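Going line by line, the protein sequences match chains A and B.
Counting from 1, one number per residue, gives the positions in the first sequence under UniProt numbering.
Counting from 1, one number per residue, gives the positions in the second sequence under UniProt numbering.
C-beta atoms are modelled at their ideal positions from N, C-alpha and C, and glycine is treated no differently.
Just so you know, these numbers come straight off a predicted model, no measurement behind them.
2 protein chains.
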Amino acid sequence: MSNRVTHLKAAHYFSVASQTLSYTKAAKQLHVSQAAVSQQIRLLENYLGVVLFYRSGRDMRLTSQGQVLAEHLDQAFEHIGKGLESVKLEPLEGTLLVSGLQSFVSLWLMPKLWRFSHLHQNINVKLFSSDEREDIHSGKIDISIDNLINHQDNISQSLLLSSDIIPICAPELAKSISFEHPTDLLKCWLIQVDTPIYRWEAWFAEQQISPLRSKKLLWAEVNSWYMGISAVKAGHGVFLCPRFMVQEELEKGTLVQAFPHILSNKINFYVNFAKNSPRRARIEAFVDWLREESNGQNDAPIKTGPHQSLPWP
Amino acid sequence: MSNRVTHLKAAHYFSVASQTLSYTKAAKQLHVSQAAVSQQIRLLENYLGVVLFYRSGRDMRLTSQGQVLAEHLDQAFEHIGKGLESVKLEPLEGTLLVSGLQSFVSLWLMPKLWRFSHLHQNINVKLFSSDEREDIHSGKIDISIDNLINHQDNISQSLLLSSDIIPICAPELAKSISFEHPTDLLKCWLIQVDTPIYRWEAWFAEQQISPLRSKKLLWAEVNSWYMGISAVKAGHGVFLCPRFMVQEELEKGTLVQAFPHILSNKINFYVNFAKNSPRRARIEAFVDWLREESNGQNDAPIKTGPHQSLPWP
DNA sequence: AAATAAGATTAGAAAATCTTATGGGTTTTA
DNA sequence: TAAAACCCATAAGATTTTCTAATCTTATTT
């Protein structure tokens, strides 16, 4: 079977020459001398017993047999090139494309990113924030951070951050209302994100209170954590929000936890990347850094998938 | 673009090894030493910066990156192998697959074939008779002989034989009826093949006679020339038939031409073959021989397509 | 523990491939 | 219309790649 695959180099040179229709140009593309191309193609012609090119005055053309061969080969070498490229390790330095949920990126990642850039001056991180899950295999993204469990093969997913969901508000509001019992919260705007979980209903339910009976309850639903935080910063209401997103504000006192009870459902953020990405060196550097940054902010130990640079499991 | 296609030999070795999952077996398939395979694959691994195989006790497996690469490469080398094979000139000796219309094969080709076999002792002709046009590109047929104009590209078609359509019958019948006027033919069975042309209607029409008025006309329609000839040999009727098919019988006197008028529409037989067939040497030998055999039997000069072994038009 | 089997490694030999230099066509250009 | 500019073919020698043979390492089987 494989004995019929010979003269690979010659076939490659021919394939390039069949596109340029010039040995000289092909030679330039291949970074070899024109003579090398000429010799290889002659070799191939002799092996096949077939003339592949003929010259018609100034320019050169494929014979019909050359046509046939070229059509087969062009595809094939295209495949080989892509194949090699797709597994070849790129050097550590270069660009890294990172995508994450909007609020995570702006509230957690962005503020810390300067430290990574400092650590790896040769890695140029491009951040994308998006509310959709990104396709890691497409090549548009190297690393994606989201809060969904991933079941795809060849994707490594590991827990980056696990955070409590707490009710927060502006310190002025807390002072003016002085929360003592959960039902005190019903006096003001309640804000939440529009997910099925992380809702006020759950928070009250966990304390045996059904807030829904009180129809007077004022609330707003926002479609990103970021918007909710903006709202409470302006002093308008209480928001159920992952603690890590407001860590600094809590420390500085520009925001406060409105009530001690926290949702039993934590929010988890996962790092995802293609195990076989050619940029795995860069990815590894970034993910290692992410882990370091998340240490201490994390209640649960970090669970990580099998490490792919060591191929044996 | 093409600078990314390197380590072709290594990639090939790897591709084979990825299928055998054994360097030793791969080496055997490739007709090289085990060391050669080992070295090439190590080279590839170094170039890619990736481990492609790992050993798990007794046997060897692909790493996930090896998987990815192998999938790309397997297809590619398959293509290359097929491409090379499809244009590679096979030696003159070998098998040649010839197909033709049933009656042509049995009445013209078969009786002469011994001479070709004598001339080219190393070419083993396999004859197929069929009533459908054969697909020359499928590889099941090298040469096909039919009577239809072919419009496909890359198929060379040339006129092999052009023959008159004449009315024939057994000599006894001719004696007993003694044809003098075309209408005399109406006294006996008229036989014809079931084509739209080469019909008795045409034959009579060309002589300003409308036989169809006479409803008493007896005739039979057959679906091969061969059957019609069998019928008239048995003495039953007159048959419109290409002259070359009954040449010998006419010469021996076992059949006679019933009436001098011949159909103005001749029947033409064409030889078809794929210009780029790897067996073109054999094909050429056979077609040359066909032309020689048909010389003299042919009223018109033989028209032939461009000759493909010389690639310049 | 020896025997077996398969991959890894190395050094030297063999083969393939490359470059440089040159020649012979064509087509432009002066 | 001669010179210049291209482009491919070819040859010789240099260089690089690839191969083999021999030997080593590791793991399995008996």
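Enumerated in chain order, which unbroken segments of the beta strand (DSSP E) with a length of 3 residues or greater are wholly contained in the stretch 101-171 of chain B?
Complete beta strand (DSSP E) runs here, min 3: 123-129, 143-146, 155-163 and 165-169.
For L161 (chain B), tell me which candidate among B:A27, B:D288, B:K25 and B:V271 has the shortest Cα-Cα distance.
Among B:A27, B:D288, B:K25 and B:V271, the Cα nearest to that of L161 (chain B) belongs to B:V271.
Could you give the distance in angstroms between the alpha-carbon of V193 (chain A) and the alpha-carbon of F239 (chain A)?
About 9 Å.
Can you tell me whether I283 (chain B) is buried or exposed, with buried defined as 16 or more other CB within 10 angstroms of its CB?
By the neighbour-count rule (16 or more Cβ atoms within 10 Å), I283 (chain B) is buried.
For D194 (chain A), report the span of its beta strand (DSSP E) as first-last.
Where D194 (chain A) is concerned, there is no enclosing beta strand (DSSP E), given that its DSSP letter is neither H nor E.
Could you check whether L107 (chain A) and M245 (chain A) sit closer than 7 Å to each other, using their CB atoms as the reference points?
Contact flag set, yes.
Is the Cβ of Q65 (chain B) closer than 7 Å to any Cβ of chain A?
Judged by the 7 Å Cβ criterion, Q65 (chain B) is in contact with chain A.
Across the stretch 9-26 of chain A and the stretch 51-59 of chain B, are there enough close Cβ pairs to call them in contact, namely three or more that are closer than 8 Å?
Contact between the stretch 9-26 of chain A and the stretch 51-59 of chain B is absent, because fewer than three Cβ pairs lie under 8 Å.
Determine the chain A residues that contact E85 (chain B) at a beta-carbon separation under 7 Å, and present them in chain order.
R4, listed in chain order.
Since L73 (chain A) meets chain B, which of its residues come closer than 7 Å, beta carbon to beta carbon?
Those are I80 and G83, listed as they occur along chain B.
Once the 5 residues before and after S2 (chain A) are set aside, which same chain residues still bring their CB inside 6 Å of it?
Low per-residue confidence applies at S2 (chain A): pLDDT is 44, beneath 50, and the placement is therefore not dependable enough to give any value.
Looking at chain B, is there any beta carbon in it that lies within less than 7 Å of the beta carbon of K175 (chain A)?
With 7 Å as the cut-off, K175 (chain A) does not count as an interface residue toward chain B.
Check each candidate in B:K233, B:W189, B:I209 and B:A26 and name the one with the smallest Cα separation from K252 (chain B).
If we check each option's Cα against that of K252 (chain B), B:K233 comes out closest.
According to DSSP, is G49 (chain B) helix, strand or coil?
Three-state DSSP puts G49 (chain B) in coil, outside helix and strand.
What does DSSP give as the partner residue(s) for S99 (chain A) in the beta ladder?
Paired residue(s): A:F128 and A:S144.
Quick check: the Cα distance between D288 (chain B) and A281 (chain B), rounded to an integer number of angstroms?
One C-alpha to the other measures close to 11 Å.
Hey, is the stretch 165-172 of chain A in contact with the stretch 254-264 of chain A, meaning 3+ C-beta pairs nearer than 8 Å?
As far as the Cβ criterion goes, the stretch 165-172 of chain A touches the stretch 254-264 of chain A, which means the pair count is three or higher.
Determine the DSSP secondary structure at Q34 (chain A), reduced to helix, strand or coil.
It is helical.
Got a sec: which bits of the stretch 265-287 of chain B sit with their beta carbon under 7 Å from any beta carbon on chain A, in order along the chain?
Per Cβ criterion, the list reads K275 and N276.
Can you tell me whether W219 (chain A) is helix, strand or coil according to DSSP?
The answer is strand: DSSP assigns W219 (chain A) an E or B state.
Relative to the alpha-carbon of L43 (chain A), which residue among A:Q67, A:Q19 and A:K9 has its alpha-carbon at the smallest distance?
Comparing Cα-Cα distances from L43 (chain A) to each of A:Q67, A:Q19 and A:K9, the minimum goes to A:K9.
Between the stretch 134-159 of chain B and chain A, which residues of the former have a C-beta closer than 8 Å to a C-beta of the latter?
Per Cβ criterion, the list reads N154.
From K112 (chain A) to E293 (chain A), what does the alpha carbon distance come to, in whole angstroms?
Rounded to the nearest angstrom, the two C-alpha atoms are 8 Å apart.
Do the stretch 85-98 of chain A and the stretch 115-125 of chain A meet, that is, are 3 or more Cβ pairs less than 8 Å apart?
The stretch 85-98 of chain A vs the stretch 115-125 of chain A: in contact.
What span of residues does the beta strand (DSSP E) with F273 (chain A) cover, start to end?
Note, F273 (chain A): beta strand (DSSP E), I267 to A274.
Looking at the structure shown, is Q257 (chain A) part of a helix, part of a strand, or coil, going by DSSP?
Three-state result, Q257 (chain A): strand.
How would you list, in chain order, the residues of chain A whose beta-carbon sits under 9 Å from the beta-carbon of A11 (chain B)?
Within 9 Å Cβ-Cβ: L8, I80, G83 and L84.
Between the Cα of Y47 (chain A) and the Cα atoms of B:H181, B:L89, B:T24 and B:T20, which residue gives the shortest distance?
Selected option, being the one with the closest Cα: B:L89.
For T24 (chain A), count the other beta carbons within 10 Å of its own beta carbon; 16 or more makes it buried, fewer makes it exposed. Which is it?
Exposed, because fewer than 16 other Cβ atoms sit within 10 Å of the Cβ of T24 (chain A).
Taking just the CA atoms, how far does R279 (chain B) sit from R133 (chain B)?
Each residue's alpha carbon lies about 20 Å from the other.
Taking only beta-carbon atoms, is V68 (chain B) less than 7 Å away from chain A?
With 7 Å as the cut-off, V68 (chain B) counts as an interface residue toward chain A.
Within the 7 Å Cβ cut-off, does K112 (chain B) reach chain A?
Cβ-Cβ to chain A under 7 Å: no for K112 (chain B).
Can you find a C-beta in chain A that's less than 7 Å from the C-beta of K28 (chain B)?
By this cut-off, K28 (chain B) is not an interface position.
Following the continuous beta strand (DSSP E) through L240 (chain B), name the residue where it begins and the one where it ends.
Start and end: V238 to P242.
Which class does L190 (chain B) belong to by DSSP, given the choice of helix, strand or coil?
Looking at L190 (chain B) - three-state DSSP - the assignment turns out to be strand.
Between the Cα of K5 (chain A) and the Cα atoms of B:S230, B:S99 and B:I80, which residue gives the shortest distance?
What sits at residue 5 (chain A) in the sequence shown is Val, not Lys. Comparing Cα positions, the closest option is B:I80.
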